[in-house]
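Protein sequences, first through last, are from chains A and B. The first sequence begins at 1 in the numbering used here and counts up one residue at a time. The second sequence begins at 687 in the numbering used here and counts up one residue at a time. Where is the CB? At the ideal position from N, CA and C, for every residue including glycine. Here the structure is a predicted model, which means the values were calculated and not measured.
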Amino acid sequence: MPKVIVDGIEVEVPEGSTVLQACEAAGKEIPRFCYHDRLSIAGNCRMCLVEVSPGPPKPQASCALPAMDNQEIKTNSEMVVSARKGVMEFLLINHPLDCPICDQGGECDLQDQAMGYGNDATRYLEQKRAVTSKEMGPLIKTIMTRCIHCTRCVRFSTEVAGVTDMGALGRGESMEITTYLEKALESELSGNVIDLCPVGALTSKPYSFVSRPWELKKTETIDVMDAIGSNIRVDTRGGEVLRVLPRVNEDINEEWISDKARFACDGLKRQRLDKPFVRKDGKLVPASWDEALSVVADKMKQISPEAIAVLVGDQCEAESMFALKCLAEKLGIENIDCRQDGAKINADSRASYLFNSRIAGIEDADAALLIGTNPRWEAPVLNARIRKRWLETRLPIALIGEEYDLTYDVDYLGNSALLLKQILQGQHSFSKVLAEAKRPMLIVGMNALTRADGDVVLGLCRRIAEQFDLIIEDDNESWNGFNVLHTAASRVAGLDMKFVPKDRARYLEDILDDASNGIIEMVYLMAADEIDMSRLGKAFVVYQGHHGDAGAHRADVILPGAAYTEKDGLYVNTEGRPQFAVRAVFPPGDAREDWRIVRALSDVVGSALEFDTHEELHHSLSKAYKIFENIEVVQSSVVTDFGREGDVEQAPFDRGIKDFYMTDPISRASKVMAECSEVFGNTKNA
Amino acid sequence: MTGNELASDQPEVFEFSEENQKLIEGIIAKYPEGRQASAVIPLLDIAQRQHENWLPKVAIEKVAEILDMAPIRVLEVATFYTMFNLKPVGRHFLQVCKTTPCWLRGSDNVLKCISDKLGISNGETSSDGLFTLLEVECLGACVNAPIIQINDDFYEDLDYETTSMLLDNLRNGETTKPGSVIGRNQSENIDGATTLTSLKETDGVVPAFSKTIDSK
Numbered sequence: 001m002p003k004v005i006v007d008g009i010e011v012e013v014p015e016g017s018t019v020l021q022a023c024e025a026a027g028k029e030i031p032r033f034c035y036h037d038r039l040s041i042a043g044n045c046r047m048c049l050v051e052v053s054p055g056p057p058k059p060q061a062s063c064a065l066p067a068m069d070n071q072e073i074k075t076n077s078e079m080v081v082s083a084r085k086g087v088m089e090f091l092l093i094n095h096p097l098d099c100p101i102c103d104q105g106g107e108c109d110l111q112d113q114a115m116g117y118g119n120d121a122t123r124y125l126e127q128k129r130a131v132t133s134k135e136m137g138p139l140i141k142t143i144m145t146r147c148i149h150c151t152r153c154v155r156f157s158t159e160v161a162g163v164t165d166m167g168a169l170g171r172g173e174s175m176e177i178t179t180y181l182e183k184a185l186e187s188e189l190s191g192n193v194i195d196l197c198p199v200g201a202l203t204s205k206p207y208s209f210v211s212r213p214w215e216l217k218k219t220e221t222i223d224v225m226d227a228i229g230s231n232i233r234v235d236t237r238g239g240e241v242l243r244v245l246p247r248v249n250e251d252i253n254e255e256w257i258s259d260k261a262r263f264a265c266d267g268l269k270r271q272r273l274d275k276p277f278v279r280k281d282g283k284l285v286p287a288s289w290d291e292a293l294s295v296v297a298d299k300m301k302q303i304s305p306e307a308i309a310v311l312v313g314d315q316c317e318a319e320s321m322f323a324l325k326c327l328a329e330k331l332g333i334e335n336i337d338c339r340q341d342g343a344k345i346n347a348d349s350r351a352s353y354l355f356n357s358r359i360a361g362i363e364d365a366d367a368a369l370l371i372g373t374n375p376r377w378e379a380p381v382l383n384a385r386i387r388k389r390w391l392e393t394r395l396p397i398a399l400i401g402e403e404y405d406l407t408y409d410v411d412y413l414g415n416s417a418l419l420l421k422q423i424l425q426g427q428h429s430f431s432k433v434l435a436e437a438k439r440p441m442l443i444v445g446m447n448a449l450t451r452a453d454g455d456v457v458l459g460l461c462r463r464i465a466e467q468f469d470l471i472i473e474d475d476n477e478s479w480n481g482f483n484v485l486h487t488a489a490s491r492v493a494g495l496d497m498k499f500v501p502k503d504r505a506r507y508l509e510d511i512l513d514d515a516s517n518g519i520i521e522m523v524y525l526m527a528a529d530e531i532d533m534s535r536l537g538k539a540f541v542v543y544q545g546h547h548g549d550a551g552a553h554r555a556d557v558i559l560p561g562a563a564y565t566e567k568d569g570l571y572v573n574t575e576g577r578p579q580f581a582v583r584a585v586f587p588p589g590d591a592r593e594d595w596r597i598v599r600a601l602s603d604v605v606g607s608a609l610e611f612d613t614h615e616e617l618h619h620s621l622s623k624a625y626k627i628f629e630n631i632e633v634v635q636s637s638v639v640t641d642f643g644r645e646g647d648v649e650q651a652p653f654d655r656g657i658k659d660f661y662m663t664d665p666i667s668r669a670s671k672v673m674a675e676c677s678e679v680f681g682n683t684k685n686a
Numbered sequence: 687m688t689g690n691e692l693a694s695d696q697p698e699v700f701e702f703s704e705e706n707q708k709l710i711e712g713i714i715a716k717y718p719e720g721r722q723a724s725a726v727i728p729l730l731d732i733a734q735r736q737h738e739n740w741l742p743k744v745a746i747e748k749v750a751e752i753l754d755m756a757p758i759r760v761l762e763v764a765t766f767y768t769m770f771n772l773k774p775v776g777r778h779f780l781q782v783c784k785t786t787p788c789w790l791r792g793s794d795n796v797l798k799c800i801s802d803k804l805g806i807s808n809g810e811t812s813s814d815g816l817f818t819l820l821e822v823e824c825l826g827a828c829v830n831a832p833i834i835q836i837n838d839d840f841y842e843d844l845d846y847e848t849t850s851m852l853l854d855n856l857r858n859g860e861t862t863k864p865g866s867v868i869g870r871n872q873s874e875n876i877d878g879a880t881t882l883t884s885l886k887e888t889d890g891v892v893p894a895f896s897k898t899i900d901s902k
């Protein structure tokens, strides 16, 4: 542990730290453009110069200099300040003075640091260099004249995204950043280069010329486009969501978010349900809330509870699901389900449906078995974490399921559930890898669990976990490598509150069968759009949700609800971590927060629920299910027997997500996502 | 125009000749396993020599494939060095040094001669497709400035007239001996050796020196 003195302050830093990190540990701010905590060190912007003794009598780039014992570092000496001023002057030789029309203005590193180290006037009379802008697809707008060649974007795409498409061509004054043959950056994480760019060279195309940062209201909330619960900041102006940015959360998304989380927000303005509708003579006509609610209530009272089913979708917050569940219980409705993809997961053992090793735990694993999952599309940020671990240790990773390009080397075993049996019985070469690993993990995806024999596959996975010591629980070690990767943001909360049929052997499939056979006469869908609507038969369908998607088209009554940016609520991510999402804007028109709709309906039905405020609702939720009590805390769960014994089918695992950019009502309504889908489409290997 | 662009007319395929493939194997074998990307410069050079002194896109991708690199990484190298041409060049690729010593010794005259005789300026190819001119920075032969590199050979101590003669010879298919065009021996003083003149070959000096000493 080297001890260094920074401006007279003594600090001790971990072995292998750089001088820049030591300065930060001492509370000194070092200006930088190319250096970034999560990327490799380039050392090419020269802005982080400091004076170091012992050492040569000249300023040195602190980002690339190892911290050594007894170093004396000056961060604000005359030499340092004048050296940084010199660097800034050089950077500004070719940087255009177009801040007034630059989208980065107001949140630009170069602008900010020029305030500290820039001259008020230039000494250069020569023409500035002009660079043609590059085509990088529908998400990233480029104005390459502004580029200062920090190469953060190049390093990000190569290292984190795992897509080696960006590079710096030419040298000296003709150096230019571009993608190979100027094709769009084929990564689900490409939007992050916009945040990384310290100047306005790479900016958001959908957000171009929309707003200035100081005009925005910033709301810190949670993303629902996948099940990992990325921490995001929603920027709004008036009643409009203008953009979504990542927040740092080391346990979940570090500081990245997927392109869907970032760019699908324009879908919040389109296809919205902003007033109640009731179907009359085959046509949906606008109605008042009173009318719509009484139609629903009348039906609920007429039809016996056994013939009513309640299904919730992938982006519902816990509170509204809980309210709906309370109402269903009051009315005696037992056909309730939160697994609209038909996953054969039981709600009784919490360990059976969680990502038990946690996302950050991936960085401790030394072998991984992926079963019926495509993490690159199901959770791009989590996939980047696997890649990070793979880059560090080259851990063996095997894949059973459809073959994808996951941005790291995968030992592709094939696509059959029978392989699991072979691995379990030790007949497969990967059995040995699992047996030898100290902290092995398996990740089982929805493609493996939504099949008819999904519960058998789950059982096999559990037995593999037991057989190969994926679960270690002793005094000096606690490791649970049994992981389920969900695709729906609401799923874990739903399972935690047992939003499943009382008869645990019943699954979505059975409910849909009953509906098409006419046994179920009424279906209440809360933002559930992914089921096959044609199988609802002649049932009376109530759709409560925010977008005019599949569910609304089939519905007989539409109750307009709120999207994730329009309501407060809890989401539990795939690790089992409850996080609180905060309302950024109000729902459009007559649309209301979902739990309020359920509360209002309960009055009309005549079984009033006993909470009137969000606080009361949350209180009764956490009283009923302890898991919702401690926000942001993952409660570890004990592994019990789960999954069914039996034979697995030979049939290969399904492909799962067919189009990364169109997976839910919001992204399907988004123009930006539609454009991405067209550009990247299904040509992509992943 | 930065010279980073690929040519607009591109061939469909590129394959290394059998002879070159053997050469490549030898070059890659010099580097430890997993470090074969180190061979990117020699491979690009071989590709360029095989393909009329310029690199088409398919050649860059071929090299990338052989070395298991991303094509953009190979393109970065190819655009970084002026020695790699991304567009077709004339049979005689004239690289005129413009750095200070050559400039002080009259590289402007060399360029003027080329422009007068061939009607081309920097980056252009003559209409007969024989000559391409490129102004480059220091070629590392300042003692015999000014110089031109034509394909692999250096021609030194040039002025307007000798450049003109050199170009005529090239056009007529005659060869000119590489090196100093005024008969200077390597890089020694233009008036002959002034130091170590008492040395003889028997003293163990290199032949170049002893030769001039003898001839004096």
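Which value, in whole angstroms, describes the spacing of the CA atoms of residue i and residue j?
{"i": "Leu20 (chain A)", "j": "Ser82 (chain A)", "result": "18 angstroms"}
{"i": "Asn690 (chain B)", "j": "Thr407 (chain A)", "result": "28 angstroms"}
{"i": "Gly865 (chain B)", "j": "Thr849 (chain B)", "result": "13 angstroms"}
{"i": "Asp802 (chain B)", "j": "Glu705 (chain B)", "result": "41 angstroms"}
{"i": "Cys63 (chain A)", "j": "Ala693 (chain B)", "result": "39 angstroms"}
{"i": "Asn447 (chain A)", "j": "Glu250 (chain A)", "result": "28 angstroms"}
{"i": "Pro31 (chain A)", "j": "Val11 (chain A)", "result": "20 angstroms"}
{"i": "Gly869 (chain B)", "j": "Leu797 (chain B)", "result": "22 angstroms"}
{"i": "Glu615 (chain A)", "j": "Leu418 (chain A)", "result": "49 angstroms"}
{"i": "Ala669 (chain A)", "j": "Glu593 (chain A)", "result": "20 angstroms"}
{"i": "Gln302 (chain A)", "j": "Leu354 (chain A)", "result": "39 angstroms"}
{"i": "His778 (chain B)", "j": "Ser812 (chain B)", "result": "10 angstroms"}
{"i": "Glu78 (chain A)", "j": "Lys85 (chain A)", "result": "11 angstroms"}
{"i": "Ala323 (chain A)", "j": "Met88 (chain A)", "result": "58 angstroms"}
{"i": "Glu146 (chain A)", "j": "Cys108 (chain A)", "result": "The identity of residue 146 (chain A) in the sequence shown is Arg, whereas the question assumes Glu. Cα to Cα, Arg146 (chain A) sits roughly 11 angstroms from Cys108 (chain A)."}
{"i": "Gln736 (chain B)", "j": "Leu709 (chain B)", "result": "12 angstroms"}
{"i": "Gly191 (chain A)", "j": "Ile400 (chain A)", "result": "30 angstroms"}
{"i": "Ser230 (chain A)", "j": "Glu675 (chain A)", "result": "23 angstroms"}
I want to verify the contact list: residues of chain A whose CB lies under 8 angstroms from the CB of residue i, in sequence order.
{"i": "Leu761 (chain B)", "result": "Gly167, Leu169 and Tyr180"}
{"i": "Thr765 (chain B)", "result": "Leu169, Gly170 and Arg171"}
Buried or exposed: where does residue i fall if 16 or more other Cβ atoms within 10 Å of its Cβ makes it buried?
{"i": "Trp214 (chain A)", "result": "exposed"}
{"i": "Leu370 (chain A)", "result": "buried"}
{"i": "Arg376 (chain A)", "result": "buried"}
{"i": "Tyr564 (chain A)", "result": "buried"}
{"i": "Asp900 (chain B)", "result": "For Asp900 (chain B), the pLDDT reaches just 49, beneath the cut-off of 50, and the residue's location in the model is therefore unreliable, leaving the point undetermined."}
{"i": "Gln696 (chain B)", "result": "exposed"}
{"i": "Thr613 (chain A)", "result": "exposed"}
{"i": "Gln579 (chain A)", "result": "buried"}
{"i": "Pro100 (chain A)", "result": "exposed"}
{"i": "His553 (chain A)", "result": "exposed"}
{"i": "Asn855 (chain B)", "result": "exposed"}
{"i": "Thr393 (chain A)", "result": "exposed"}
Name the chain B residues whose beta carbon is nearer than 9 angstroms to that of residue i?
{"i": "Thr164 (chain A)", "result": "Met755, Ala756, Pro757, Ile758 and Arg759"}
So residue i packs on residue j, CB below 8 angstroms; how close in whole Å?
{"i": "Leu495 (chain A)", "j": "Thr373 (chain A)", "result": "The Cβ separation is near 18 angstroms, so there is no contact."}
{"i": "Leu741 (chain B)", "j": "Leu772 (chain B)", "result": "6 angstroms"}
{"i": "Ser157 (chain A)", "j": "Ile143 (chain A)", "result": "Not quite, the Cβ-Cβ distance comes to about 18 angstroms (not below 8 angstroms), so this is no contact."}
{"i": "Gly569 (chain A)", "j": "Glu319 (chain A)", "result": "5 angstroms"}
If we count Cβ pairs, one from each stretch, closer than 8 angstroms, do we get three or more for the stretch 64-71 of chain A versus the stretch 113-127 of chain A?
Contact fails between the stretch 64-71 of chain A and the stretch 113-127 of chain A, because fewer than three Cβ pairs, one in each stretch, are under 8 angstroms apart.
Does the pairing of the stretch 582-590 of chain A with the stretch 549-564 of chain A give three or more beta-carbon distances under 8 angstroms?
Using a C-beta cut-off of 8 angstroms, the stretch 582-590 of chain A makes contact with the stretch 549-564 of chain A, since at least three inter-stretch Cβ pairs fall below that distance.
Below 8 angstroms, how does it come out for the stretch 537-551 of chain A and the stretch 178-189 of chain A: are there three or more Cβ pairs, yes or no?
no
Stretch-stretch touch, CB-based, cutoff 8 angstroms, three pairs: the stretch 339-354 of chain A with the stretch 232-252 of chain A:
No, because fewer than three Cβ pairs between the stretch 339-354 of chain A and the stretch 232-252 of chain A fall closer than 8 angstroms, the two stretches do not touch.
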